[in-house]
Ligand SMILES: Cc1cc2nc3c(=O)[nH]c(=O)nc-3n(C[C@H](O)[C@H](O)[C@H](O)COP(=O)(O)O)c2cc1C
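Numbering (my numbering), first residue to last: 140 to 321.
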């Protein structure tokens, strides 16, 4: 198999991310893993809301009371995991997350449809123990709406299509790329 060019793989990574962010809702799901204050990795699904290829930033939205917000306040580093079945590519992205509750978040809140606003703000807050499964209220609270901006610092590209290969790209090396044994 002819070795692919690093630029091709890097472009493909961003094409995959852009495709996910612009897909129909059910396909916009990615996995993010954070590390909590007990050093326990915590993975969960979030909706990829936007991709800024130029600034290498991915965006998702979350509840200010979520464990991931607490974890990211303590440690900005996280990992995003993606599997694109059609091309048999796994992407593992190292990211540094900024949590925003500023003018940008206020502007985006205006675009959150009312049925989706219930994801932001619960009483008791998300993650706390309750007596029964429905012993909570939704607050639909703008004050709990957080825009998480994930600055991509590394991309690990694994292709399992034919001959397996793996490449790694790092922002601090100018995204030049190197081969890794898969
Ligand atoms: C399909 C799907 C999509 C989800 N999307 C989001 C999301 O965009 N933002 C979010 O905060 N949680 C989302 N969740 C819920 C999280 O996976 C997680 O359960 C919740 O945020 C609590 O996380 P915590 O442990 O950080 O408190 C989604 C769950 C599923 C199953």
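A virtual CB, placed ideally from N, CA and C, is assigned to each residue, including glycine.
Under the three-state reduction of DSSP, which class applies to residue i: helix, strand or coil?
i, result
"residue 151", "helix"
"residue 290", "strand"
"residue 265", "coil"
"residue 300", "coil"
"residue 277", "strand"
"residue 248", "helix"
Taking its Cβ as the centre, do 16 or more other Cβ atoms sit within 10 Å of residue i, making it buried, or is it exposed?
i, result
"residue 260", "buried"
"residue 283", "buried"
"residue 308", "buried"
"residue 201", "buried"
"residue 155", "buried"
"residue 184", "exposed"
"residue 205", "buried"
"residue 217", "buried"
"residue 168", "exposed"
"residue 146", "exposed"
"residue 224", "exposed"
"residue 219", "buried"
"residue 237", "exposed"
"residue 250", "exposed"
"residue 152", "buried"
Taking 8 angstroms as the CB-CB cut-off, is residue i touching chain D?
i, result
"residue 278", "Note that chain D does not occur in the displayed structure, where there is just one protein chain."
For ligand 2, is there a heavy atom less than 7 angstroms away from the beta-carbon of residue i?
i, result
"residue 278", "Ligand 2 is absent from the structure shown, which contains only ligand 1."
| message | Threshold first: 3 residues or longer. Then list the beta strand (DSSP E) segments lying entirely within the stretch 150-191, N to C. | response | Fully enclosed beta strand (DSSP E) runs of 3 or longer: 168-174, 180-186 and 189-191.
| Fully enclosed by the stretch 190-241, which beta strand (DSSP E) runs are 3 residues long or longer? | Counting only unbroken stretches of 3 or more residues, the beta strand (DSSP E) elements lying wholly within the stretch 190-241 are 196-202, 216-223 and 228-239, in sequence order.
| query | Of all residues in the structure, which have a C-beta closer than 6 angstroms to any heavy atom of ligand 1, taken in chain order? | reply | Result (chain order): 168, 181, 183, 184, 185, 186, 199, 200, 201, 202, 205, 206, 207, 265 and 266.
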